[in-house]
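All remarks here apply to the structure that follows.
Chains as they are written, first to last, in the numbering used here: chain A, 1 to 15; chain B, 1 to 141.
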């Protein structure tokens with residue numbers, strides 16, 4: 001069964 | 001997430017100056033329950049670390065460091081993502097929460113990120129985040 005675990009990620013914040 | 005939130009609220013109570021190790025321990029145990037635990041725990045921790053209340057933020061950093069020492073690989077891989085690292089970076093940046101966070105909180109956040117570059121050399125995103133902070137002059141050697 002598929003997991004809801006979210007493996008996606010964002011980009012590094014540009015400050 | 002409700003149970004995690006309750007332990008964390010108690011562990012980071014700004015009216016209490018001493019660490020509440022019982023609650024910190026319970027929070028860490030709860031992180032390992034269920035697949036979503038690390039993700040939820042880090043989201044809650046980020047919010048507390050960004051608190052303008054110094055004591056609440058410092059307690060949250062203690063909880064974070066205890067989790068890093070006690071929780072497993074799933075917690076480590078989640079904290080090494082930009083999603084969470086960005087939340088820590090926001091505390092250091094004057095464009096975000098840096099204007100409200102105290103110097104004490106900022107220096108502990110910097111120490112935490114630096115220590116992870118040493119303990120988790122294989123986590124490229126942690127190295128990237130630290131290099132970026134150095135390049136921006138936010139972290140001085």
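Every residue, glycine too, gets a C-beta built ideally from N, C-alpha and C. In this text the structure is predicted, and so the values were computed from the model without any measurement.
Fully enclosed beta strand (DSSP E) runs of no fewer than 3 residues are not present anywhere in the stretch 49 to 112 of chain B. At a cut-off of 8 Å between beta carbons, residue 129(B) contacts chain A. Shown here for residue 56(B): same chain residues with a beta carbon closer than 7 Å to its own, the five before and five after excluded, namely 12, 14, 48 in chain order.
Against chain A, the CB of residue 95(B) has a partner CB under 8 Å away; the residue lies at that interface. For residue 81(B), the chain A residues whose Cβ falls inside 7 Å of its Cβ are 9, in order along the chain.
Between residue 62(B) and residue 113(B), the C-beta gap is not smaller than 8 Å, which leaves the two residues out of contact.
When C-alpha distances from residue 9(A) are compared across 69(B), 90(B), 85(B), 98(B), the shortest belongs to 85(B). In terms of Cβ geometry, residue 38(B) and residue 75(B) form a close pair [threshold 8 Å]. Here residue 2(B) carries a helix assignment [DSSP, helix/strand/coil]. Listed along chain A, the residues sitting closer than 7 Å to residue 89(B) by beta-carbon distance are 13, 15. Counting other Cβ atoms within 10 Å of its Cβ, residue 115(B) stays below 16 and is therefore classed as exposed.
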